[in-house]
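Participant: According to this note's numbering, the sequence shown is numbered sequentially starting from 7. Take this structure, written in structure tokens, and hold onto it; I'll ask about it next.
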Amino acid sequence: MKEIIYLLDLDPKMEKEVYSSIEKISKILKKKGLKLMMSPPKCRSCGFEFYRVKASKCPRCKSQRIQEAIFVIR
Ligand SMILES: [Zn+2]
């Protein structure tokens, strides 16, 4: 199965809009039998997972080596 991966570099102010867009996209994909999955941003130093789309600094180890959120459609 083909996978489409998006790497996002978002303005934090855009986050709400992005979430509502993701919801809409998710519904459309569902009708087509596809699934949208999000892998949240992750700290590269300690592995901390964020619960938001955009993250810049790890609250646990203060590292700024953050891996961006990844969206996968399958
Ligand atoms: Zn960390």
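Cβ atoms here follow ideal geometry from the backbone N, Cα and C, with glycine treated the same way.
(1) Can you list, in chain order, the stretches of the alpha helix (DSSP H) that have 4 or more residues and sit fully within the segment 15-78?
(2) Three or more C-beta pairs closer than 8 angstroms, one from the segment 51-69 and one from the segment 30-43: is that the case here?
(3) Here's the rule: buried if 16 or more other CB atoms are within 10 angstroms of the residue's CB, otherwise exposed. What is K19?
(4) Applying the 10 Å Cβ sphere with the 16-neighbour rule, what's the burial state of R71?
(5) Apart from the five residues on each side of it in sequence, which residues of its chain come closer than 7 angstroms, Cβ to Cβ, to K22?
(6) Is S62 near ligand 1, going by C-beta to nearest heavy atom under 7 angstroms?
Facilitator: The relevant details are as follows:
(1) 21-37
(2) no
(3) exposed
(4) exposed
(5) none
(6) no
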